[in-house]
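Protein chains: 2
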Amino acid sequence: MNEMTPSFEQWRSLRLARIERALDVALPPANTRLHQVMRYAVLGNGKRIRPLLCVAAGEWAGAPDHALDAAAAALEMMHAYSLAHDDLPSMDNDRVRHGKPALHLRYDEAAAILAGDALQTQAFMTLIEGELAPLQCAALVRELATASGSAGMAGGQAMDIESAGAHPTHAALEKMARMKTGALLRAAVRMGALCAASPTENADIPPFPEALERYASAIGLAFQMVDDILDAVSDSETLGKTAGKDARDRKPNYVSILGLAASRAQVEQLRNAALAALASLPSSDQKPAHRLAQLADFIAKRAY
Amino acid sequence: MNEMTPSFEQWRSLRLARIERALDVALPPANTRLHQVMRYAVLGNGKRIRPLLCVAAGEWAGAPDHALDAAAAALEMMHAYSLAHDDLPSMDNDRVRHGKPALHLRYDEAAAILAGDALQTQAFMTLIEGELAPLQCAALVRELATASGSAGMAGGQAMDIESAGAHPTHAALEKMARMKTGALLRAAVRMGALCAASPTENADIPPFPEALERYASAIGLAFQMVDDILDAVSDSETLGKTAGKDARDRKPNYVSILGLAASRAQVEQLRNAALAALASLPSSDQKPAHRLAQLADFIAKRAY
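Those protein sequence lines, which keep their order, are chains A and B. Heads up: the first sequence at position 81 corresponds to 81 in this note's numbering, and the numbers run straight through without jumps. Converting from the second sequence to this note's numbering requires adding 304 to each position, the first position being numbered 1.
See below:
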């Protein structure tokens, strides 16, 4: 890195602006109520962790911006759909999201369900419309679907809801966290790297580096642990969503199962594991992995 | 057709059995509660109109069975997800589906929402796992997403819910019907034909025959009109779902806007238009369009 390299905050700010533009373009215009609800669900808020991970992995792998725009927008739409549905009264019954009224309160329940449904579809559509080579496009759809479906995010959310009042083992808790949250974060890293596959050649997608897999796995789990810690120690205003929710709903989480100190220690272990994995990646001045390292710090140390 | 050609009922029975097997294989095994709910939502019932249209179009175009299995299963999963969500209390509030308790009554609301979500994802996954050429796969994902999202099925359902108590024009009603129901039926025909695109060559997908487009458009609209007619004149036991629902919910439909006789006359007109479109298709003994013609009759004359 020379002195002209932007700081992490400069990089994040530039990338957030680009992600916001990509989302604005990839979402339908606000010409129907449903489209307005979809845009409310996605635009103008959120940490954009999944898009940032995708872009950072893509920059390391040498992916073109237009491909990263499509993958990053698709990931965020998939995440936004899951929040719209998770917040529903029959699910986690949350009233506030990103410091604003949850979708079903700002609009209504039917609107929240349908906007979530349509956002999931729009996520796949965004990948298809991303001017990617068909092979690459199919690989990205596969990553996103695998991470989001019943073996990933939706399956993890189902386990989470069924867990109320239960006392899972550490292993069961980890499985739930890896599905509910880890899978889509891991997919973000993988999709960023996939965006670098050459769109002109018809050869198979190159194998995903094992070290990047270890990084993605570690930060995916760390993210959920930090979520559990913040739910226990932070306040609703800082989080922009209801704090203390897991205790209220008798939901087991890392803090209730491992305790606060052990959870914090595990986050630090996972952060170190993520950084160690990155250090073993092949790199060059053109393809620095330092944004991925900075994002690991950001995820481990975030306060909201 | 020679005397060995199976009757429509024989063909339909054989194809329904094959579709059921394809769905059974494409759905995750019943090893979690969520997977059980997904399987309850899809297996063992339903007219399978979308898969049958897909298969009939595919047989006309010369598509291989394995590709049609994937497309047909994906279409039915997408349809089943929409029913799971439409039946929810905050949407159409329906208690019975295919003669069985609706998903949120047999299980619970959260399960119905999550199973619907996961079925949508599984639909896209099924296309990806269908051993199709990447170009073809991407084209099928595009068709399915376009038909299902906010410009298609989900958008039409949003319009339908917003329409309670309203008196739309005939044109507005047609737009809603084409989005809510017509789009996915049209996609079924298009996806069947797309399955015939050669998986080995990397050339562009051949253009969709304009006559097949007219057929798909006509039967898509006719299907919704028949739905509206049956809602008005049939009983819940025959339908396997609540009859008289639109009147109960003050929802405008073809019967309330056009009247019963005019709605029936329009169905007959659309059936004739569909058959006329098929008659102008290129055909051969190997690729008969007669299954599509028989399905147009089936759709127009169905009693449930």
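For glycine and all other residues, C-beta sits at the position ideal for the given N, C-alpha and C. Note that the coordinates shown come from a computational prediction; the quantities given were computed from them, not determined experimentally.
Residue i (DSSP reduced to helix, strand or coil)
i	result
PRO28 of chain A	coil
PRO134 of chain A	helix
SER256 of chain A	helix
HIS594 of chain B	helix
ALA500 of chain B	coil
ASP396 of chain B	coil
LEU477 of chain B	helix
LEU336 of chain A	Since the first residue of chain A shown is 1 and the last is 304, residue 336 of chain A is not available in this structure.
GLU541 of chain B	helix
ALA245 of chain A	With the sequence shown as reference, residue 245 of chain A is identified as Lys, and Ala is not the correct amino acid for it. In this structure, LYS245 of chain A counts as helix in the three-state DSSP scheme.
PRO51 of chain A	helix
SER148 of chain A	helix
PHE512 of chain B	coil
GLU129 of chain A	coil
ASP87 of chain A	coil
Within-8 Å CB hit, residue i to chain B
i	result
GLN269 of chain A	no
GLY155 of chain A	yes
ASP117 of chain A	yes
ALA145 of chain A	yes
ALA164 of chain A	no
LEU88 of chain A	yes
CYS54 of chain A	no
ALA158 of chain A	yes
GLN286 of chain A	The predicted position of GLN286 of chain A is uncertain, since its pLDDT is 49 and thus under 50; no value can be drawn from it.
THR169 of chain A	no
Residue i versus residue j - alpha carbon distance
i	j	result
GLN286 of chain A	TYR519 of chain B	Bear in mind that the predicted position of GLN286 of chain A carries a pLDDT of just 49, short of 50, making it unreliable; the figure below should be weighed with that in mind. So the two alpha carbons sit approximately 54 Å from each other.
GLY486 of chain B	ARG575 of chain B	14 Å
GLN120 of chain A	TYR81 of chain A	6 Å
PRO556 of chain B	ILE432 of chain B	38 Å
MET483 of chain B	GLY46 of chain A	31 Å
ALA515 of chain B	LEU534 of chain B	28 Å
LEU448 of chain B	ALA376 of chain B	11 Å
GLY469 of chain B	MET395 of chain B	15 Å
LEU564 of chain B	LEU23 of chain A	45 Å
CYS441 of chain B	THR238 of chain A	44 Å
MET529 of chain B	LEU488 of chain B	15 Å
ALA133 of chain A	MET125 of chain A	14 Å
HIS85 of chain A	THR32 of chain A	20 Å
SER234 of chain A	SER256 of chain A	15 Å
ALA295 of chain B	ASP412 of chain B	Absent from the structure is residue 295 of chain B, since the part of chain B shown begins at 305 and ends at 608.
LEU140 of chain A	ALA187 of chain A	9 Å
PHE8 of chain A	GLN294 of chain A	7 Å
CYS195 of chain A	ILE219 of chain A	20 Å
SER452 of chain B	ASP246 of chain A	34 Å
MET1 of chain A	ILE299 of chain A	Only weak support exists for where MET1 of chain A lies, its pLDDT of 48 falling under 50; the value from the coordinates is given anyway. Going from the Cα of MET1 of chain A to the Cα of ILE299 of chain A covers about 22 Å.
ASP297 of chain A	ALA265 of chain A	14 Å
GLN36 of chain A	ALA26 of chain A	14 Å
PRO310 of chain B	LEU318 of chain B	10 Å
ARG97 of chain A	ASP87 of chain A	8 Å
ALA581 of chain B	SER454 of chain B	28 Å
LEU525 of chain B	HIS471 of chain B	19 Å
ALA243 of chain A	PRO28 of chain A	33 Å
Any C-beta of chain A under 8 Å from that of residue i
i	result
ALA492 of chain B	no
HIS339 of chain B	yes
CYS499 of chain B	no
GLN598 of chain B	no
PRO293 of chain B	Because chain B is modelled from 305 through 608, residue 293 of chain B falls outside the range shown and cannot be assessed.
VAL445 of chain B	yes
MET429 of chain B	yes
GLY453 of chain B	yes
PRO333 of chain B	no
HIS389 of chain B	yes
THR425 of chain B	yes
ILE509 of chain B	no
LEU409 of chain B	no
ALA442 of chain B	yes
MET342 of chain B	yes
ILE523 of chain B	no
ILE561 of chain B	no
Beta-bridge partners of residue i, as assigned by DSSP
i	result
LYS100 of chain A	A:ARG97
Under 7 Å by beta carbon: chain C residues contacting residue i
i	result
GLU109 of chain A	Judged by its chain identifiers, the structure shown contains no chain C, and its protein chains are A and B.
| said: For the structure I just gave you, are there three or more beta carbon pairs, one from the stretch 107-124 of chain A and one from the stretch 451-465 of chain B, closer than 8 Å? | reply: Yes: at least three Cβ pairs fall under 8 Å.
| Is there contact between the stretch 292-304 of chain A and the stretch 375-390 of chain B, where contact requires at least three CB pairs shorter than 8 Å? | Pairwise C-beta distances place the stretch 292-304 of chain A out of contact with the stretch 375-390 of chain B, as fewer than three of them are shorter than 8 Å.
| task | Please determine if the stretch 173-192 of chain A and the stretch 51-71 of chain A are in contact, where contact requires at least 3 C-beta pairs separated by less than 8 Å. | result | As far as the Cβ criterion goes, the stretch 173-192 of chain A touches the stretch 51-71 of chain A, which means the pair count is three or higher.
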